[in-house]
Amino acid sequence: MPAVILASASAARLAVLRAAGLDPEVVVSGIDETAFAAGTPAELAGLLARAKAAAVASGRQDGLVIGCDSLLDLDGRALGKPGSPDQAAARWQEMSGRTATLVTGHCVINAATGQQAAAVAATRVRFGTPSEQEIAAYVASGEPLMVAGAFTLDGRGGWFVDEIDGDYGTVLGVSLPLLRRLLADLGIAVTSLWT
Numbered sequence: 003m004p005a006v007i008l009a010s011a012s013a014a015r016l017a018v019l020r021a022a023g024l025d026p027e028v029v030v031s032g033i034d035e036t037a038f039a040a041g042t043p044a045e046l047a048g049l050l051a052r053a054k055a056a057a058v059a060s061g062r063q064d065g066l067v068i069g070c071d072s073l074l075d076l077d078g079r080a081l082g083k084p085g086s087p088d089q090a091a092a093r094w095q096e097m098s099g100r101t102a103t104l105v106t107g108h109c110v111i112n113a114a115t116g117q118q119a120a121a122v123a124a125t126r127v128r129f130g131t132p133s134e135q136e137i138a139a140y141v142a143s144g145e146p147l148m149v150a151g152a153f154t155l156d157g158r159g160g161w162f163v164d165e166i167d168g169d170y171g172t173v174l175g176v177s178l179p180l181l182r183r184l185l186a187d188l189g190i191a192v193t194s195l196w197t
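3 is the number of the first residue of the sequence shown in this note's numbering; add one for each residue after it.
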């Protein structure tokens, strides 16, 4: 079976894939995410996932390249990683007590054949109402600066998420059920990739 390449620097995505039996090589795409625009956050997440996978697959002769990108859709606005601690704190003030949708674009490219399959997964997230002191402590931890929407489920941010409706993996950055279906669309059984 071909090698699996993850076109992402996300430690959470890598951890999910490793826990699920894959051992991907990590190759960061290096694309300028700010150069892309789309009509909705879901469309943008899909576009970025395809661009990341294509950038890494370009020039390769083999391998299955997985590109993903996550954004938080809050009132139709695409929120990626906050640019500063102040922006992260402001986001949490805005998200507190509300529901938003975390969208993750997925793209798999078989570099040997050029075939690709892509889709976007969405999970609703209901945020708790952390106090100002809790928000300040969370922002000071540095964690929200590194992730789409300024929160995680599998870290300190999990304390402040009351409920999700949808696939947990989508919020971590890669939906295993969706990825399995995309691989199947390319004629590849995920079990054949297990290490």
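Ideal Cβ placement from N, Cα and C applies to all residues, glycine included.
From the DSSP output, read off the bridge partner residues of S72. Within the sequence shown, numbered from 1, the residue matching residue 72 stands at position 70. In DSSP, S72 forms a bridge with T106.
Go ahead and pull the three-state DSSP assignment for R20. Indexing the sequence shown from 1 puts residue 20 at position 18. Helix at R20.
Q118, enclosing beta strand (DSSP E) - first and last residue: Sequence index remark: in the sequence shown, residue 118 carries index 116 (1-based). Q118: member of the beta strand (DSSP E) spanning Q118 to F129, first to last residue.
Closest by CA to E165, which one among A119, L184 and T103? Working through the sequence shown from its first residue, we reach residue 165 at position 163. Comparing Cα-Cα distances from E165 to each of A119, L184 and T103, the minimum goes to T103.
Beta bridge counterpart(s) of E165 as assigned by DSSP: Mapped onto the sequence shown, residue 165 falls at position 163. Answer is R128.
Cβ-based burial, T84 [other Cβ within 10 Å; buried from 16]: Numbered from its first residue, the sequence shown carries residue 84 at position 82. Looking at the sequence provided, one finds Pro at residue 84 rather than Thr. Flag for P84 reads buried.
Starting from L8 and walking both ways along the beta strand (DSSP E), at which residues does that stretch end? The count along the sequence shown starts at 1 and reaches residue 8 at position 6. L8 -> beta strand (DSSP E) spans V6 to L8.
In the DSSP assignment, find the unbroken alpha helix (DSSP H) run with A53 in it and report its ends. What you label residue 53 is simply residue 51 of the sequence shown in a count that begins at 1. Unbroken alpha helix (DSSP H) run through A53: P43 to A59.
Coil, strand or helix - R79 by DSSP: The sequence position of residue 79 within the sequence shown is 77, counting from 1. Strand at R79.
Beta-carbon gap between A5 and D64 smaller than 9 Å: The residue labelled residue 5 in the question sits at position 3 within the sequence shown. The residue labelled residue 64 in the question sits at position 62 within the sequence shown. Yes, these two residues count as a Cβ contact at 9 Å.
Taking the alpha-carbon positions, what's the A53 to A114 distance? The sequence position of residue 53 within the sequence shown is 51, counting from 1. The sequence position of residue 114 within the sequence shown is 112, counting from 1. For the pair A53 and A114, the Cα-to-Cα distance works out to about 18 Å.
Could you name the residues that DSSP lists as bridge partners for I111? The sequence position of residue 111 within the sequence shown is 109, counting from 1. I111 pairs with V67 and Q118.
Could you tell me the distance, in whole angstroms, from the CA atom of G99 to the CA atom of S12? Residue numbering aside, residue 99 sits at position 97 when the sequence shown is read from its first letter. Residue numbering aside, residue 12 sits at position 10 when the sequence shown is read from its first letter. When rounded, the distance between both Cα atoms is 27 Å.
On the CB-based measure, 16 or more other CB atoms within 10 Å of its CB, does D75 come out buried or exposed? Locating residue 75 in the sequence shown gives position 73, where the first residue counts as 1. Residue burial annotation: D75 is buried, with at least 16 other C-beta atoms found within 10 angstroms of its C-beta.
Would you be able to state if there are at least three C-beta pairs under 8 Å between the region 90 to 98 and the region 43 to 53? The region 43 to 53 is not in contact with the region 90 to 98.
So, with DSSP's three-state summary, where would you put T172? In the sequence shown, residue 172 corresponds to position 170, counting from 1. Reduced to three states, the DSSP call for T172 is helix.
Work out the CA separation of G82 and V149 for me, nearest whole Å. To locate residue 149, count along the sequence shown from 1; it is residue 147. To locate residue 82, count along the sequence shown from 1; it is residue 80. Cα to Cα, the separation comes out at about 7 Å.
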